[in-house]
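Visitor: Listed in order, the protein sequences are those of chains A and B.
With numbering that gives the first Met the number 0, letter number 123 in the first sequence gets 122, and the count goes up by one each step, no holes.
With numbering that gives the first Met the number 0, letter number 149 in the second sequence gets 148, and the count goes up by one each step, no holes.
Every residue gets a Cβ at the ideal spot worked out from N, C-alpha and C, and that includes glycine.
Because the structure is a prediction, the values reported are computed rather than measured.
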Amino acid sequence: MSLYHTAQNIEASALGQTIRESTWLFPAIESTHLLALALLGGAVLILSLSVLGIGLKTAPAELYKSAHRYMNGAVIVLLLTGILLGVSEPVKLYGRQAFWVKMISLCIALAVTYLAFNPLIKRGASGVLIRSVTALTMAAWLMVALAGRWIGFS
Amino acid sequence: MLEGLVTKLAETPWSIGLHESLYLYAITESTHVMSIMLFVGTIAMVDLRLLGISYTKVPVSQMLSRMLPWTIAGFVLLVITGGMLFLAIPVRTYHSLWFRLKCLMILIAAINIAVFTFKVERDKATWDLGRVPRNSKICAVVSLSAWACVIVFGRLIAYNWFDCDSINSPVMAKITGCPLDPG
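1. Between E88(A), Y69(A), P59(A), which has its C-alpha nearest Q7(A)'s C-alpha?
2. Between I35(B) and I156(B), how many whole angstroms is the CB-CB distance? I'm expecting something under 8 Å.
3. Going by other Cβ atoms of all chains shown within 10 Å of its Cβ, with 16 needed for buried, is Y3(A) buried or exposed?
4. Report yes if the C-beta distance between K121(A) and Y69(A) is below 8 Å; otherwise report no.
5. On the three-state DSSP scale, how would you describe M70(A)?
6. My output table needs one value for S153(A): the three-state DSSP class, helix, strand or coil.
7. Tell me the DSSP secondary structure of D162(B) in three-state form.
8. Give me the Cα-Cα distance between K123(B) and S12(A), rounded to the nearest whole angstrom.
9. Residues in its own chain within less than 8 Å of V90(A) by CB, not counting five upstream and five downstream?
10. Please tell me whether V151(B) has its Cβ less than 8 Å away from any Cβ of chain A.
11. With 7 Å as the C-beta to C-beta threshold (strictly closer), list the residues of the stretch 113-135 of chain A near chain B in chain order.
12. By how many angstroms is the C-alpha of I88(B) removed from the C-alpha of Y22(B)?
13. Any Cβ of chain B within less than 8 Å of the Cβ of R148(A)?
14. Nearest to S144(B) by CA position, among A43(B), K7(B), V119(B), is which residue?
15. Closer than 9 Å, Cβ to any Cβ of chain B: which residues of the stretch 98-112 of chain A, in chain order?
16. Quick one: which chain B residues come within Cβ less than 7 Å of E61(A)?
17. Measuring CB to CB, does Y158(B) end up less than 8 Å from P59(A)?
18. Can you name, in chain order, every residue of its own chain whose Cβ lies under 7 Å from the Cβ of C138(B), other than the five neighbours on each side?
19. Please give the ranges of any alpha helix (DSSP H) in the stretch 47-129 of chain A, keeping only runs that are unbroken, at least 4 residues long and fully inside the region.
20. Could you tell me which chain B residues have their CB closer than 9 Å to the CB of K56(A), listed as they occur along the chain?
21. Determine the contact status of S163(B) and H94(B), defining contact as a CB-CB distance below 8 Å.
22. Report the three-state DSSP secondary structure of V131(B) (helix, strand or coil).
23. For the stretch 124-155 of chain B, which residues have a beta carbon sitting closer than 7 Å to at least one beta carbon of chain A?
24. Kindly list the residues whose CB is nearer than 6 Å to the CB of T80(A), restricted to its own chain and excluding five residues on each side of it in sequence; keep chain order.
25. For E29(A), would you say it is in contact with chain B, using Cβ-to-Cβ distances shorter than 8 Å as the test?
26. Thinking C-alpha only, which one of I71(B), V45(B), S165(B) is nearest S135(B)?
27. Output needed in chain order: residues of the stretch 31-42 of chain B with a Cβ under 7 Å from some Cβ in chain A.
28. With H, G and I counted as helix, E and B as strand and the rest as coil, what does DSSP make of L44(B)?
29. Among residues of its own chain, excluding the 5 on either side of L76(B), which ones have a beta-carbon nearer than 6 Å to its beta-carbon?
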């Protein structure tokens, strides 16, 4: 079964139909997606700015104890609401370049955050490596958000 | 008076240019959304500290002074891009119920900031690392709720449920400033 065919099947699913046919469901999910985006931005920024020496003077490892909860919570809500948004119009998304750019940047952002950024911060790393990883993490998430917004325009 | 102003605004080449542009409008709106992460993101982190539930090892004074420049940077970006978005579609936005509610929420958030700045945080030296006072927690809750509403109402401006052509109750006509359809 081709990917396009899968998209058609998802679009025809009961969940997809329910979201598509409701007046307020899509906007409500979209708004929740945006609220979680703000929270993720805050959690990533408070750590990043501190790592780069342009934010809080408290050690990033100390900030991480609070920030990681909001980061994880935001990522979970973003993924869940994102999936719901996708399920409601997969055929449209299939044909949009911005969607694929977003999915690729999302994979990169998740990998960089959870395999490099978070572990390095937890370990109290300092130096060029963590600074570079931080820049990459911020850029990756910015790309995800930007490509996400662009889905609506393309 | 405002009605006349926004109608004039809509006729300016700036408004028409933005509205009809291929990329500028999209770039402006994307920048507006990105700036939410900077503005509301940093505010949320500060509010979580003011609630006394997170970042408790960070002195409140440091949290405020070191995060504020980033919050202001986000605010400047939001005001510029927000102004441009309004300029692109002035008349519809002016009448939008969601836009009006969004402005109301921004006003509430602004009053809350004033109360916090001029009353609540004045004695912060006494609770910099200690127990957060009740007033601070209230301000944090008001701030988090108001900014969340600003984001949600802002997103809903895009939907035409309550545009002037679908207003048929006197109350809604009053709220949105739309003419009531006699039909």
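Guide: From the atom records:
1. The residue given as residue 7(A) occupies position 8 in the first sequence. Cα-wise, what sits closest to Q7(A) is E88(A).
2. Position 36 of the second sequence, counting from 1, holds the residue named residue 35(B). Position 157 of the second sequence, counting from 1, holds the residue named residue 156(B). About 14 Å; that fails the 8 Å criterion.
3. For the purposes of this step, residue 3(A) is taken as residue 4 along the first sequence, with counting starting at 1. When all chains shown are included, Y3(A) counts as exposed.
4. Here residue 121(A) refers to the residue found at position 122 of the first sequence. Here residue 69(A) refers to the residue found at position 70 of the first sequence. It is not a contact, given that the beta carbons lie outside the stated cut-off.
5. Taking the first residue of the first sequence as position 1, residue 70(A) is located at position 71. M70(A): helix per DSSP, three-state reduction.
6. Sequence index remark: in the first sequence, residue 153(A) carries index 154 (1-based). The answer is coil: DSSP assigns S153(A) none of H, G, I, E or B.
7. In the second sequence, the residue the question calls residue 162(B) occupies position 163. It is coil, neither helix nor strand.
8. Here residue 123(B) refers to the residue found at position 124 when the second sequence is read from its first residue. Here residue 12(A) refers to the residue found at position 13 when the first sequence is read from its first residue. K123(B) and S12(A): Cα-Cα distance of roughly 55 Å.
9. In the first sequence, counting from the first residue as 1, residue 90(A) sits at position 91. Only Y3, A6, Q7, E10 meet the Cβ criterion.
10. Translated into positions along the second sequence, residue 151(B) becomes position 152. Closer than 8 Å: yes.
11. none
12. Here the question's residue 22(B) lines up with position 23 in the second sequence. Here the question's residue 88(B) lines up with position 89 in the second sequence. If I take the Cα positions, the gap works out to 15 Å.
13. The residue you call residue 148(A) lines up with position 149 of the first sequence. Interface residue, yes.
14. Locating residue 144(B) in the second sequence gives position 145, where the first residue counts as 1. Ranking the options by Cα distance to S144(B), first place goes to A43(B).
15. none
16. The residue given as residue 61(A) occupies position 62 in the first sequence. The answer, in chain order, is K56.
17. By one-based count along the second sequence, residue 158(B) stands at place 159. By one-based count along the first sequence, residue 59(A) stands at place 60. No; because the gap between Cβ atoms is not below 8 Å, this pair is not in contact.
18. Residue mapping note: residue 138(B) aligns to position 139 of the second sequence, counting from 1. Same-chain partners within the cutoff: L49, N111, V114, F115, V119.
19. 59-87, 89-93, 96-110, 117-121
20. Taking the first residue of the first sequence as position 1, residue 56(A) is located at position 57. Under the 9 Å cutoff, chain B gives V57, Q61, R65.
21. Position 164 of the second sequence, counted from the first residue, corresponds to residue 163(B). Position 95 of the second sequence, counted from the first residue, corresponds to residue 94(B). Position check: residue 163(B) holds Cys in this sequence, whereas Ser was assumed. The answer is yes: Cβ separation under 8 Å.
22. Translated into the one-based positions of the second sequence, residue 131(B) becomes position 132. In this structure, V131(B) counts as coil in the three-state DSSP scheme.
23. A147, I150, V151, R154, L155
24. Counting from one through the first sequence, the residue named residue 80(A) turns up at place 81. Correct list, in chain order: I28, T31, H32.
25. For the purposes of this step, residue 29(A) is taken as the residue at position 30 of the first sequence. Output row for E29(A): interface = yes.
26. Here residue 135(B) refers to the residue found at position 136 when the second sequence is read from its first residue. Cα-wise, what sits closest to S135(B) is V45(B).
27. V32, M33, I35, M36, L37, V39, G40, T41
28. Taking the first residue of the second sequence as 1, we reach residue 44(B) at position 45. In the sequence under discussion, the amino acid at residue 44(B) is Met, which differs from the Leu named in the question. In the structure shown, M44(B) sits in a helix (DSSP, three-state: H, G or I).
29. What you label residue 76(B) is simply residue 77 of the second sequence in a count that begins at 1. Same-chain partners within the cutoff: S34.
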